[in-house]
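What follows is a set of notes on a single structure, which appears directly below.
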Amino acid sequence: MTYLIQQLLNALQLGSIYALIALGYTMVYGVLIMINFAHGDLFMVGAFFCFLAATYLKLSFVPTLLTSMAGVALLGVLIERLAYKPLRQAPRVSVVITALGVGIFLENFTNALCPYPQGIPPLLPSANWSVGGVSVSALQVLILALSASLMLMLDFMVNRTKVGMAMRAISWDKTIVPLMGVPVDTVISLTFAIGAGLGGAAGVMYGLAYPVIDSNMGIMVGWKAFIAAVVGGIGNIRGAMLGGLILGAVEILVVAIPGVPSTYRDFIVFSLLLVLLIFRPYGILGRPRSVKI
Amino acid sequence: MARRWILPALLALSFILSLAIPRLGWLNDYNQLILVYIGINIILTVSLNLVNGYMGEFSVGHAGLMAVGAYVSALLSVRVVAPGLGPWLFPLIVTAGGLAAALIGMVIALPSFKTRGDYLAIVTLAFNMIVKSVIENIDAVGGPRGFMGMDKLTTLPTVFCWTVVAVWVIRNFVYSKYGRGVLAIREDEIAGELMSVSTRKVKFLAFGLSSFFAGVAGALFAHVLLFINPGSFGLVKSTEVLIMVYLGGIGSLAGSILGATIYTVLLEKLRWMGAWRMVLMPLMLVLLMLFRPRGIMGLRELRWLVPRRDLKLPAPPAPRSAEEVARGAAQS
Chain A
0 MTYLIQQLLN
10 ALQLGSIYAL
20 IALGYTMVYG
30 VLIMINFAHG
40 DLFMVGAFFC
50 FLAATYLKLS
60 FVPTLLTSMA
70 GVALLGVLIE
80 RLAYKPLRQA
90 PRVSVVITAL
100 GVGIFLENFT
110 NALCPYPQGI
120 PPLLPSANWS
130 VGGVSVSALQ
140 VLILALSASL
150 MLMLDFMVNR
160 TKVGMAMRAI
170 SWDKTIVPLM
180 GVPVDTVISL
190 TFAIGAGLGG
200 AAGVMYGLAY
210 PVIDSNMGIM
220 VGWKAFIAAV
230 VGGIGNIRGA
240 MLGGLILGAV
250 EILVVAIPGV
260 PSTYRDFIVF
270 SLLLVLLIFR
280 PYGILGRPRS
290 VKI
Chain B
0 MARRWILPAL
10 LALSFILSLA
20 IPRLGWLNDY
30 NQLILVYIGI
40 NIILTVSLNL
50 VNGYMGEFSV
60 GHAGLMAVGA
70 YVSALLSVRV
80 VAPGLGPWLF
90 PLIVTAGGLA
100 AALIGMVIAL
110 PSFKTRGDYL
120 AIVTLAFNMI
130 VKSVIENIDA
140 VGGPRGFMGM
150 DKLTTLPTVF
160 CWTVVAVWVI
170 RNFVYSKYGR
180 GVLAIREDEI
190 AGELMSVSTR
200 KVKFLAFGLS
210 SFFAGVAGAL
220 FAHVLLFINP
230 GSFGLVKSTE
240 VLIMVYLGGI
250 GSLAGSILGA
260 TIYTVLLEKL
270 RWMGAWRMVL
280 MPLMLVLLML
290 FRPRGIMGLR
300 ELRWLVPRRD
310 LKLPAPPAPR
320 SAEEVARGAA
330 QS
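Protein chains in written order, with numbering that gives the first Met the number 0: chain A, 0 to 292; chain B, 0 to 331.
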């Protein structure tokens with residue numbers, strides 16, 4: 000029983016990280032109806048910024064987190080201005096290919112600058128508590144607390160502020176909204192900044208939890224977070240959080256249940272995506288979109 | 000002027016060249032290898048151009064089909080075929096790899112009936128990852144460690160023949176009845192369905208043909224590299240094929256040949272850049288999408304590849320005088 004609770008705790012930790020990255024995918028899809036395939040690599044850049052801040056600038060935890068989030072947010076806005084904005088009226092093909100290209104560019108750029116895996120120095124005191132037989136580390140508590148507070152802040156912002164209302168409006172109808180006096184470009188850049196910033200925070204936490212980072216880590220984690228966003232319903236913020244937790248649970252339980260070879264982890268997760276796309280393409284909390292012919 | 004003997008003469012000359020170059024050593028081994036890779040990339044590019052360019056679908060997981068062809072053919076030539084028979088049975092081995100890939104490719108056609116655009120891209124990428132993951136889990140073929148033991152059965156003449164076959168078959172398919180259906184699906188699928196284009200059959204055929212040649216390319220690749228592992232058939236390889244398709248021109252076979260050649264040669268010539276070479280490639284793709292999304296050739300085609308009946312459009316009917324119109328009205 001304690002084994003199960005321990006695994007659930009691990010699933011919660013991994014799921015929160017997936018949820019933060021999935022939020023980035025979902026927010027961009029919500030406003031631009033475009034899947035930013037480069038988002039997983041923004042997560043990886045966040046982990047590298049954390050490495051740079053901790054190793055060369057010798058910052059402590061909170062400044063590292065803030066600088067990484069800010070850096071990745073800036074990078075996200077830059078990518079949006081340079082690569083996605085000119086393609087707003089272009090066919091979907093161009094946008095997806097560009098997103099793939101930007102992602103691979105980020106990976107290889109980081110690889111060219113930093114070919115070897117790097118280790119992040121521990122920024123947190125390594126304290127461990129035992130709660131009823133289950134071992135909980137300070138890092139796990141921090142990840143859960145930080146993710147939960149970031150998600151609550153985002154939920155508040157999207158549902159209760161004017162800016163959030165603008166974001167939701169853009170996702171409903173992009174043509175009419177500028178006529179209502181909403182500065183569409185600014186709101187879209189802000190969406191990218193927030194989504195990328197959350198991805199950067201996830202990168203920092205992933206880097207602290209699994210301290211060895213390299214330029215290829217964004218691919219698989221990015222894909223799984225994307226699957227999480229699709230599972231929850233892409234375009235739906237609460238769906239992304241739910242999807243992230245579900246995916247974390249599936250991944251940890253596949254490894255934890257004896258009898259299933261752990262190398263089948265990726266295969267099961269991707270098959271889950273395929274099955275979902277065939278039977279319920281709009282996800283758990285999503286609504287079907289009708290297309291006018 | 001499209002004289003009828005120019006193209007076959009050129010092909011015959013090239014075939015003789017491809018036989019002569021390895022025998023007489025006119026080019027060194029490295030350049031011969033580049034020519035082989037150009038051929039393999041041309042096959043990959045024309046096969047993906049059929050689905051992405053002519054049909055307007057969004058298949059991004061081409062490397063997975065290549066992997067199927069590579070592994071099936073490698074298994075056949077190492078485990079099944081007797082050692083001396085390799086070179087004689089090579090066409091059969093390659094065809095078998097292609098057929099295996101075609102079967103898998105037709106399975107990919109199924110989700111394309113209900114999804115288009117972004118979602119089909121996700122589905123095909125997921126397929127690519129699943130194929131990679133399955134191969135990594137099959138220990139009998141070496142899993143992530145890779146598979147080797149093949150003989151170097153891919154030579155310049157064999158690659159040349161397979162390239163000619165691929166371009167010829169796909170060119171004939173595109174200018175056939177099913178090819179018209181493919182173009183109809185690209186322009187407006189629902190209108191095509193209403194106009195009695197059987198979209199399901201056409202999609203099965205197009206995906207199947209495209210995957211067959213992807214498998215063929217994979218088989219040729221396996222027998223020239225002599226070592227295959229799942230890692231070389233991932234997202235990076237798929238993106239390379241995408242770059243070649245969009246560089247040359249969607250919906251243009253000559254464009255695909257051009258794109259594949261330029262990309263392969265560029266990749267080799269830029270080796271001195273080291274790790275920065277792979278930074279330039281995706282940057283090229285992004286710039287291409289921003290400034291010339293249709294590619295170098297766009298939708299235009301080389302005159303030699305277009306059949307003659309498509310080159311000459313039927314003349315518009317001669318204008319009729321008022322009496323002819325009245326006579327026609329009185330008769331009906």
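Even for Gly, the Cβ is constructed at its ideal location relative to N, Cα and C.
Keep in mind that this is a model prediction, so the values were computed, not measured.
query	result
Which residue wins for smallest C-alpha separation from residue 282 of chain A, given the options A:256, A:265, A:267, A:245?	A:245
Are three or more beta carbon pairs between the segment 63-73 of chain A and the segment 81-96 of chain A nearer than 8 Å?	no
Could you check which residue in A:127, A:207, A:243 has the C-alpha nearest to that of residue 230 of chain A?	A:243
With distances taken Cα to Cα, identify the nearest neighbour of residue 186 of chain B among A:181, A:90, A:62.	A:90
Give me the subset of the segment 258-291 of chain B whose CB atoms are less than 7 Å from a CB atom of chain A, sorted by chain position.	274, 275, 277, 278, 281, 282, 284, 285, 288, 289
Looking at residue 209 of chain B: is its Cβ nearer than 8 Å to the Cβ of residue 49 of chain B?	yes
Can we say the segment 246-256 of chain A touches the segment 9-18 of chain A, given the rule of at least three CB pairs closer than 8 Å?	yes
Would you report the Cα separation of residue 207 of chain B and residue 64 of chain B, rounded to the nearest angstrom?	10 Å
Could you list which residues in chain A have their beta carbon closer than 7 Å to that of residue 62 of chain B, in chain order?	Ordered by position in chain A, no residue passes the 7 Å Cβ test against residue 62 of chain B, which lies about 13 Å from the chain.
Do you know how far the Cα of residue 317 of chain B is from the Cα of residue 328 of chain B?	18 Å
Looking only at C-alpha atoms, which of A:191, A:198, A:279, A:208 sits nearest to residue 40 of chain A?	A:198
Do the segment 257-269 of chain A and the segment 129-142 of chain B make contact, defined as three or more Cβ pairs closer than 8 Å?	yes
For the segment 102-119 of chain B, which residues have a beta carbon sitting closer than 8 Å to at least one beta carbon of chain A?	110, 113, 114, 116, 117, 118
Within 10 Å of its beta-carbon, does residue 117 of chain B have 16 or more other beta-carbons around it, so buried, or fewer, so exposed?	buried
Identify the contact partners of residue 154 of chain B in chain A, using a Cβ-Cβ distance below 9 Å as the criterion.	Result: empty, since nearest Cβ-Cβ is about 32 Å, beyond 9 Å.
Exposed or buried, what is residue 273 of chain B when buried is set at 16 or more other beta-carbons lying within 10 Å of its beta-carbon?	exposed
Name the residues in the segment 87-108 of chain A whose C-beta lies less than 7 Å from a C-beta of chain B; which are they?	89, 91, 92, 93, 95, 96, 97, 99, 100, 101, 103, 104, 107, 108
Taking 8 Å as the CB-CB cut-off, is residue 187 of chain A touching chain B?	no
Smallest Cα separation from residue 220 of chain B: which of B:234, B:33, B:275?	B:33
Output the boundary residues of the alpha helix (DSSP H) element that contains residue 186 of chain A.	183-208
Note down, in chain order, each residue of its chain lying with its Cβ closer than 7 Å to the Cβ of residue 254 of chain B, except the 5 sequence neighbours on either side.	247, 248, 294, 295, 296
Can you find a CB in chain A that lies within less than 8 Å of the CB of residue 205 of chain B?	no
Residue range of the alpha helix (DSSP H) that residue 25 of chain B falls in?	Per DSSP, residue 25 of chain B belongs to no alpha helix (DSSP H) and is neither H nor E.
Is the segment 172-184 of chain A touching the segment 139-155 of chain A, taking contact as three or more C-beta pairs under 8 Å?	no
Where does residue 44 of chain A land, buried or exposed, given buried means 16+ other C-beta within 10 angstroms?	buried
Between residue 241 of chain B and chain A, is there a C-beta pair that is closer than 8 Å?	yes
Quick one: Cα of residue 22 of chain B to Cα of residue 222 of chain B, how far?	19 Å
Should residue 133 of chain B be flagged as near chain A, meaning a C-beta pair shorter than 8 Å?	yes
Name, going along the chain, the residues of the segment 265-291 of chain A whose beta-carbon falls closer than 7 Å to a beta-carbon of chain B.	265, 266, 269, 270, 272, 273, 276, 277, 280
Mapping DSSP to helix, strand and coil, what is residue 167 of chain B?	helix
Identify each residue in the segment 17-40 of chain A for which the Cβ-Cβ distance to at least one residue of chain B is less than 7 Å, and report them in chain order.	34
Mark residue 127 of chain A as exposed unless 16 or more other C-beta atoms lie within 10 angstroms of its C-beta, in which case mark it buried.	exposed
Per DSSP, which one or two residues make a beta bridge with residue 189 of chain B?	Bridge partners of residue 189 of chain B: none, in fact.
If you pair each beta-carbon of the segment 68-77 of chain B with each one of the segment 38-53 of chain B, do three or more pairs fall below 8 Å?	no
Quick one: is residue 67 of chain B buried, meaning 16 or more other Cβ sit within 10 Å of its Cβ, or exposed?	buried
Buried or exposed, going by whether 16 or more other CB atoms sit within 10 Å of the CB of residue 288 of chain A?	exposed
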